[in-house]
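Peer 1:
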Amino acid sequence: MLLQVENVSKSFGGLKVLGNVSIAVEKGEVLGIIGPNGAGKTTLFNCILGVISADAGTIMLEGERIDSLPVWKRADLGIARTFQRLELFSGMTPREHLLVADRVHRRSGGIL
Numbered sequence: 681m682l683l684q685v686e687n688v689s690k691s692f693g694g695l696k697v698l699g700n701v702s703i704a705v706e707k708g709e710v711l712g713i714i715g716p717n718g719a720g721k722t723t724l725f726n727c728i729l730g731v732i733s734a735d736a737g738t739i740m741l742e743g744e745r746i747d748s749l750p751v752w753k754r755a756d757l758g759i760a761r762t763f764q765r766l767e768l769f770s771g772m773t774p775r776e777h778l779l780v781a782d783r784v785h786r787r788s789g790g791i792l
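Residue numbers are given in this note's numbering: position 58 of the sequence shown equals residue 738, and the series is strictly consecutive.
Structure, rendered in C-alpha cells:
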C-alpha cells in the first residue's frame, strides 16, 4: 500500500469536519476525493500533508507512519499538492504545461 489513511478525524471547535475517514491508495492508482463545499476534502488533504494535525487516526506512507512528521519531511518523501489555478504560466500552451508537470512529477517522485 502506497498511502493509507485510517480512521482520521478532525474537529474545529464543536464542528466535526472529518469522522473516521479511511482511504487506501496503491502505487500507480489515481484516486479522486469528491464532495460538496464544506465536506472536508481540503481538511483531509491538509491532514495528509501535515498542514494540520488530525485529532485521531493514522496516516502511513509505504507502511511507515508519517502522521507525526512535519510538513517539510513529508514533502521530502514526495507528498505535495497543487492549488487550483486558472493560469499557471502565461504564454505557454496546454501541452507545455503538461510537460512541465510531468517533469516535476518525475523529479520529485510525488504522489499527490
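Cβ coordinates follow ideal geometry from the N, Cα and C atoms, glycine included.
1) By a C-beta neighbour count over all protein chains shown, 10 Å radius and 16 as the cutoff for buried, is Val697 buried or exposed?
2) Measuring only the C-alpha atoms, how far is Ser691 from Glu776?
3) Looking only at its own chain, which residues have a Cβ that is under 7 Å from the Cβ of Ala720, when we skip the five neighbours before and after it?
4) Tell me the rounded alpha-carbon separation between Met740 and Leu768.
5) So Arg761 packs on Leu729, CB below 8 Å; how close in whole Å?
6) Determine the DSSP secondary structure at Leu792, reduced to helix, strand or coil.
7) Figure out for me which residue from Phe725, Ser689 and Arg745 has the closest Cα to the Cα of Asp735.
Peer 2: Per the coordinate set shown:
1) Position 17 of the sequence shown, counting from 1, holds the residue named residue 697. When all chains shown are included, Val697 counts as buried.
2) Here residue 691 is taken as the residue at index 11 of the sequence shown, counted from 1. Here residue 776 is taken as the residue at index 96 of the sequence shown, counted from 1. Straight-line Cα distance between these residues: approximately 41 Å.
3) Start at 1 with the first residue of the sequence shown, and residue 720 comes out as number 40. Reading off the sequence, residue 720 comes out as Gly, not Ala. Only Val697 and Leu698 meet the Cβ criterion.
4) Residue numbering aside, residue 740 sits at position 60 when the sequence shown is read from its first letter. Residue numbering aside, residue 768 sits at position 88 when the sequence shown is read from its first letter. Their Cα atoms are separated by approximately 31 Å.
5) In the sequence shown, residue 761 corresponds to position 81, counting from 1. In the sequence shown, residue 729 corresponds to position 49, counting from 1. Yes, they are in contact, since the Cβ atoms of Arg761 and Leu729 sit about 6 Å apart, within 8 Å.
6) Within the sequence shown, numbered from 1, the residue matching residue 792 stands at position 112. In this predicted model, Leu792 has a pLDDT of only 47, less than 50, meaning its place in the structure is not dependable enough to derive any value.
7) The residue given as residue 735 occupies position 55 in the sequence shown. Nearest of Phe725, Ser689 and Arg745 to Asp735, Cα basis: Ser689.
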